[in-house]
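Student: Encoded as structure tokens, here's the structure I'll be asking about.
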Amino acid sequence: SQTIHQWPATLVQPVGSPLSLECTVEGTSNPNLYWYRQAAGRGLQLLFYSVGIGQISSEVPQNLSASRPQDRQFILSSKKLLLSDSGFYLCAWSASEGGNLGNTIYFGEGSWLTVV
Amino acid sequence: EDQVTQSPEALRLQEGESSSLNCSYTVSGLRGLFWYRQDPGKGPEFLFTLYSAGEEKEKERLKATLTKKESFLHITAPKPEDSATYLCAVQGYKAAGNKLTFGGGTRVLVKP
């Protein structure tokens, strides 16, 4: 069965410091990968998605970047964090095949980021 | 642009008091409508996918239905363990990478 791992679970970072959140998926090949952010009490906002190694699409202009160095690895980064980057970050995956039926997206457990 | 609106934002129920959550959507060709449950501090847990108007799916005390403009999540005789935030999302045919557009969620609190 497929599993998704995301780490670290919680981190507190000072303003201006770098960020690296990592995510790996097991049990599937060539998945679509996603980074979502959830502000407190709000819905999920898609930040980045990737349909293959080195292929990154950005949904929202921001202080963050994403990379996919391996098929099942997705990394969210920042060179200098802002206070507004605080939030709950979720990595997710879906099968890559298309077709008329929607492909379910499965989420990791999330990473709480507090920028102080 | 795909849009999803969920109502109400919050719902307080007594144990056993059935109710419904609403998800209104606009999408350029619906590929799928998804319901998730999210517990505090956790990632969303997949519940259902609905593909076409008239479709219904059930899981324990939850039943999801779909029309051309909205979906309902019915909670029958809820228990305290049904307390969570319920998220609705759509996936359109034009959604590159199978990405989902989410609503703001409905926070459900079931009191014993």
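Going line by line, the protein sequences match chains A and B. FYI, the numbering for the first sequence is 1 to 116, going by the numbering used here. FYI, the numbering for the second sequence is 1001 to 1112, going by the numbering used here. C-beta atoms are modelled at their ideal positions from N, C-alpha and C, and glycine is treated no differently. It should be emphasised that the depicted structure is a prediction, and the values quoted were computed from it without experimental measurement.
1) For a contact defined as C-beta to C-beta under 8 Å, what are the partners of Glu109(A) on chain B?
2) Would you identify the three-state DSSP class for Asn30(A), choosing helix, strand or coil?
3) Following the continuous beta strand (DSSP E) through Arg1107(B), name the residue where it begins and the one where it ends.
4) For Pro1080(B), which three-state DSSP category applies?
5) If you pair each beta-carbon of the stretch 24 to 41 of chain A with each one of the stretch 83 to 100 of chain A, do three or more pairs fall below 8 Å?
6) In whole angstroms, what is the alpha-carbon distance linking Ser94(A) and Lys1099(B)?
7) If you measure beta-carbon to beta-carbon, which residues of the stretch 24 to 42 of chain A are closer than 7 Å to chain B?
8) Within 10 Å of its beta-carbon, does Gln6(A) have 16 or more other beta-carbons around it, so buried, or fewer, so exposed?
9) Please list the partners that Leu1062(B) has in chain A, where partner means a Cβ-to-Cβ separation under 8 Å.
10) Using the C-alpha atoms, what's the distance from Glu1045(B) back to Asn44(A)?
11) Does Ser57(A) come within less than 9 Å of chain B when only Cβ atoms are used?
12) Using beta carbons (cut-off 9 Å, strictly below), is Ala1096(B) in contact with chain A?
13) Relative to the C-alpha of Gly1105(B), which candidate in Ser1083(B), Ala1096(B), Tyr1093(B) and Glu1055(B) has its C-alpha closest?
14) Please classify Ser20(A): does DSSP put it in a helix, a strand, or coil?
15) So, using beta-carbon positions, are Ser1020(B) and Leu1073(B) closer together than 9 Å?
16) At which residues does the beta strand (DSSP E) containing Glu1060(B) begin and terminate?
17) Thinking C-alpha only, which one of Glu109(A), Glu97(A), Asn103(A) and Leu83(A) is nearest Val12(A)?
18) Can you round the beta-carbon distance between Thr104(A) and Gln73(A) to whole angstroms, since I take them to be within the 8 Å contact cut?
19) Residues of the stretch 72 to 96 of chain A in Cβ contact with chain B at a cutoff of 7 Å, in chain order, please.
20) Do you know how far the Cα of Val1027(B) is from the Cα of Gln70(A)?
Tutor: Checking against the coordinates, here is how it stands:
1) Lys1042 and Gly1043
2) coil
3) Thr1106 to Lys1111
4) helix
5) yes
6) 9 Å
7) Asn32, Tyr34 and Arg42
8) buried
9) Those do not exist, as Leu1062(B) stays about 16 Å from chain A at its closest Cβ, beyond 8 Å.
10) Here the sequence assigns Leu to residue 44(A), which means Asn is not the residue at that position. Between Leu44(A) and Glu1045(B), the C-alpha separation is close to 13 Å.
11) yes
12) yes
13) Ser1083(B)
14) strand
15) yes
16) Element bounds for Glu1060(B): n/a, residue is neither H nor E.
17) Leu83(A)
18) Not quite, the Cβ-Cβ distance comes to about 21 Å (not below 8 Å), so this is no contact.
19) Leu90 and Ser94
20) 33 Å
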